Amino acid sequence: MHTSSPSLSEVSVVLHIFDCVHTQIKMGDDVLAYGDAFWQEKIGNDMKYLPLQQKQHAIFSLLVYLQVSLLQFLTFTFTSPIHAVRMRAGRFVSYIPSARDDENKFAPATLLRLWYKSFPKQTNHLDNMIKPYAEEMVKKESDQLIEEKSFQLKLRTLTLRSIRELLSPQKILEKYQSLAPFTWSLLYSFAAAPNRYRMYNLTKSDEDQKDAENDDWDDDPNLADDEPESKWDRSDIPKGFSRNPALVNGTSSRVMTVLSNIGLCVSGRTVERLKKRISEDAIGFAIELVTSGGLFATVFDNINIYLRKFQQRITNQNSMIHATNCANIGIDGDGVDAAAAEDLKSKLSMRGKRSQASFNDLVPTPSDDEHIRKAFRCIIAEFIVRYTPGSKKWDGRGEMLVKIEGEMPTDRPLPPKKTDARPFGVFDVNEGSKKGLVKVLETICERMQLTWQAWSSKTRLILGDWLTSNNLRAARLHRADDINAMERLEYAEEFSMLWHYALQNTHLLMRAHYGHAVLDPTSLAAHKGLLGRVWDASKPNYAAAKSLVRHSLIARLLHITMVKKGLRRWSDLQKWHPTLDDIWDLSKDICENHASSSAAEEMKKHDDDWHAHDILFIRDALFFCEFEQAVAYADAGRVLRVLSFWCFAFRGAGQHNYARECAEVILKWKYELTDDLRKRVFIAQGSGVTIKYIIEKGSACVEAFRDITHLVATFFSDSNAPRRSKEIAFAEDMRVLVEDMEKHGIHRGTKARMVMAPTKQSSGKGKKTKTEPKSAIIDIHVAGAEAWQHGKFTEYINATAYDPAVGYPITDVEKESTTLLNSDSVFDTNEENPIDHDAYEDVYGDEGSAASWVTSLGGGEEFATGEIVV
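Below you can see the structure in the form of structure tokens.
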């Protein structure tokens with residue numbers, strides 16, 4: 001906008017003013033030297049009505065003429081004691097919330113913005129000007145946080161509830177915003193400001209975060225942790241937080257030491273004392289569950305920790321810690337008579353009734369077959385809709401998934417309530433033996449603060465693995481004539497945890513279908529190589545094995561879909577847009593012709609072992625998926641139906657212990673459980689240290705901290721969601737497997753493709769003859785049914801049924817196995833499960849996944865490979 005120059009008359013007026021300046025006027029301390037009367041006489045009223053811009057020119061011209069700098073003028077303005085000057089200066093620095101726009105609400109802020117905008121080369125000097133005042137503000141707000149009484153912690157009175165309330169993200173947010181608004185806005189800007197990548201690539205997904213540094217133990221966790229912490233340097237620091245409050249999660253002790261030394265967090269010693277206190281309170285919280293009068297189950301398992309010494313000496317050797325971890329799980333009591341469910345006499349009166357059982361009690365009924373077929377169809381349909389490339393662009397995809405889920409059959413599911421699981425700490429006892437098991441039960445009774453009479457007067461649900469149940473039954477035999485119910489272990493009602501069935505079935509799938517990569521392209525060994533899974537087959541872990549099984553199953557279903565729809569290329573499948581009716585017809589076809597024993601038998605008649613193996617794998621993997629869904633939805637009826645099939649599968653694969661355990665559940669459910677116990681017997685699941693350290697600061701506080709961490713992550717929308725990069729890698733894996741199956745002509749007709757089992761030569765003296773070659777592809781369900789029917793069922797009943805005369809017989813462990821499934825791998829063993837399950841992904845999954853039931857039994861989220869990268 002063009003600005004006009006002052007007129008000649010205006011300049012003459014200003015010059016006239018300058019001529020009069022020399023006049024001697026007496027200056028008062030609180031009155032301006034040149035008042036209104038002076039200006040009225042010299043320039044009159046006309047200049048009052050000039051435009052604002054001309055007034056500004058006149059005033060600035062006067063400053064220039066008199067050689068008064070802006071600094072001198074502004075210093076006079078904000079330091080003068082004259083009333084008229086102070087009044088206008090005060091009005092300038094006043095905040096006016098009723099102003100129409102933000103610029104007029106606080107004038108100094110407008111001035112500061114103009115400085116930054118108009119003089120960008122001087123911003124560094126402006127920053128230096130602001131810096132000391134910002135530091136003062138931060139210190140002031142820091143003192144307010146330090147003095148905040150709600151942040152003052154006393155470890156002696158700290159409880160799990162109080163630490164959860166204190167670390168509630170909402171509460172911390174409110175406290176920071178109210179007590180330290182400047183610090184909060186500063187940290188928020190620092191954390192949330194978009195970088196250049198985000199500003200210019202807003203539509204692209206975030207890159208994977210780097211793996212966090214592995215957790216590390218404190219320098220010496222065995223040192224006494226009641227030593228007073230060293231004082232902070234600030235002498236005027238009040239009681240309460242000895243540091244600025246900060247949460248450090250997943251870091252090492254070295255990092256914590258550095259942060260503690262500079263005052264950003266508490267020391268490692270304080271964390272150790274906190275862990276001990278939280279463990280004590282968590283155990284007390286579990287005791288409250290026991291004394292509340294409601295139903296509960298106790299689950300425990302042994303933990304073995306190898307202590308490796310850095311230097312071997314006679315008195316300084318490697319050692320093992322054998323301990324037992326424990327938890328109490330609350331059972332929903334709605335609709336259940338708790339007194340009847342815990343009635344010990346009713347339980348004891350039903351012992352031995354399994355002697356009335358017959359082999360037909362193990363055989364799946366026509367109702368079981370129909371249920372499984374329908375479940376298979378729903379699972380196949382869901383996999384096709386969820387994982388077909390390009391399916392996210394299908395019209396009504398979300399509605400399809402909802403309708404498919406609605407068609408999934410149910411059978412006596414438990415009410416949908418959150419499982420109340422409370423860690424009960426660690427015991428310095430090895431429960432891996434009969435003697436150790438009895439000692440664990442006695443120690444649990446003591447920690448629960450119950451007398452042995454109160455503990456043994458009711459039925460107590462004991463959960464564990466097969467070894468726990470077997471040791472408990474064997475211990476009863478040796479104590480059948482003992483003095484009371486506590487010593488005779490009559491109160492214990494043992495069950496194997498469902499997660500152990502999933503772990504053992506993963507071993508079954510690998511044992512039956514790992515195969516030979518060279519001889520059989522449908523084997524899991526071949527798919528492992530194609531996918532580039534680098535985990536060591538001699539030391540497999542649960543998450544990696546489960547991921548391989550699941551991804552192989554999905555790829556086979558997608559290739560069958562291509563074959564059924566006449567497609568030849570992966571890109572053609574991406575262009576396929578079916579309706580829900582098309583999906584249902586396709587899933588029914590796949591279930592009948594590619595996931596049944598009869599279909600596999602038909603392929604065997606044509607000597608097509610490749611196709612037969614493919615069908616048997618799809619069937620067995622679908623059983624695992626059905627079991628996983630049943631556990632996720634706490635559907636006891638569905639679990640029992642799957643176990644009736646697994647009873648034969650485990651026997652056929654040579655895993656006799658869990659074949660017997662499946663039979664144990666089925667027969668106990670039918671013959672030896674009260675009605676009230678049947679309603680709640682299955683519930684939804686959810687180095688350099690000493691045993692003293694583990695007991696005081698171990699598992700109990702770990703679960704408490706994990707709960708708090710999940711709460712914080714959920715609040716900040718950082719829960720464990722599957723990442724886009726994993727989904728892309730998953731889609732690429734599917735493409736590789738599908739193209740390989742297309743290359744080998746799998747699912748496209750039948751032809752003779754035999755896979756021979758390793759031949760076994762006869763042993764002993766004389767002429768050695770080779771046995772007749774046999775196919776390596778067998779139906780483990782059929783083989784298992786034959787074994788049960790030909791004497792094994794009778795042996796099982798004789799070995800497990802209670803006899804009032806002699807008590808429980810000893811249950812021997814069967815070690816016989818078939819060699820037809822041998823693949824020259826670690827999976828050939830049936831004496832123990834070779835699959836490790838100690839890693840985080842083995843036990844935990846992704847609760848936020850769209851298909852959350854995928855991880856109900858651990859094993860990582862749906863797109864993960866489960867591999868542990870060291």
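Residue numbers in the sequence shown follow the UniProt record's numbering, run continuously in steps of one, and reach 870 at the last position.
Glycine is no exception: its CB is placed at the ideal position from the N, C-alpha and C atoms.
Just so it is clear, the structure is predicted and the values come from calculations on it, not from any experiment.
- Taken in chain order, the complete alpha helix (DSSP H) segments of 4 residues or longer contained in the segment 269-357 are 338-341, 344-349.
- Between Gly425 and Ile283, the CB-CB gap stays under 8 Å.
- Around the beta carbon of Leu441, 16 or more other beta carbons lie within 10 angstroms, which makes this residue buried.
- Straight-line spacing of the CA atoms in Lys434 and Glu727 works out to 47 Å.
- Leu186 has its alpha-carbon roughly 14 Å from the corresponding atom of Ser178.
- Secondary structure of Ile462 (DSSP, three-state): strand.
- Nearest to Glu592 by alpha-carbon distance, out of Gly333, Ile615, Ile43, is Ile615.
- Contact between Leu472 and Glu494 holds, with the beta-carbon distance rounding to 5 Å and staying under 8 Å.
- Beta-bridge analysis with DSSP links Gly425 to Cys326.
- Going by DSSP, Phe495 is part of the beta strand (DSSP E) stretching over 492-496.
- Distance between Gly532 and Ala621, taken at the CA atoms: about 21 Å.
- With a cutoff of 8 Å on beta-carbon distance, Leu414 and Ala634 are scored as near each other.
- In the same chain as Asp368, and ignoring 5 residues on each side of it, the C-beta atoms closer than 7 Å to its own belong to Arg641, Ser644, in chain order.
- Around the CB of Thr522, 16 or more other CB atoms lie within 10 Å, so the residue is classed as buried.
- Collapsing the DSSP output to three states places Arg619 in a helix.
- The beta carbon of Ala375 lies closer than 7 Å to those of Met408, Pro409, Glu626 in the same chain, with the five residues before and after it left out.
- Of Met129, Thr110, Trp184, Asn128, the smallest CA-CA separation from Glu141 is found for Trp184.
- Note that the C-beta distance between Asn657 and Trp466 is below 8 Å.
- The C-alpha of Gln789 is placed about 15 Å away from the C-alpha of Cys662.
- Separation of Arg550 and Arg678 (C-alpha to C-alpha, rounded to the nearest whole angstrom) is 32 Å.
- DSSP places Asp803 in the strand class (E or B) of the three-state scheme.
- The DSSP-derived three-state label of Asp520 is coil.
- 8 Å or more divides the Cβ of Ile404 from the Cβ of Glu370.
- A direct Cα-Cα distance of roughly 39 Å separates Ile384 from Asp301.
- Counting along the chain, the unbroken alpha helix (DSSP H) around Lys374 starts and ends at 366-387.
- Boundaries cannot be given for Lys393, as no alpha helix (DSSP H) includes it and DSSP labels it neither H nor E.
- Apart from sequence neighbours up to five positions away, the residues of its chain that approach Ile96 with a beta-carbon distance below 6 Å are Lys105, ordered along the chain.
- Closest by C-alpha distance to Leu580, out of Gly396, Ser596, Lys668, Thr419, is Gly396.
- Here the C-alpha atom of Arg412 lies approximately 45 Å from the C-alpha atom of Val271.
- Under a 10 Å Cβ-count criterion, Ala323 is classified as buried, with 16 or more other Cβ atoms of the shown protein chains found around its own Cβ.
- Counting along the chain, the unbroken alpha helix (DSSP H) around Pro108 starts and ends at 107-118.
- Counted as a single uninterrupted DSSP element, the alpha helix (DSSP H) harbouring Trp452 occupies residues 452-456.
- A buried status is given to Val738, since no fewer than 16 other beta-carbon atoms sit within 10 Å of its beta-carbon.
- In the structure shown, Asp635 falls within a strand segment according to DSSP collapsed to helix, strand and coil.
- Residue pairing of Ser775 in beta bridges, as defined by DSSP: Met756.
- If you compare the alpha carbons of Thr257, Gly333, Glu280 with that of Ser292, the shortest gap goes to Gly333.
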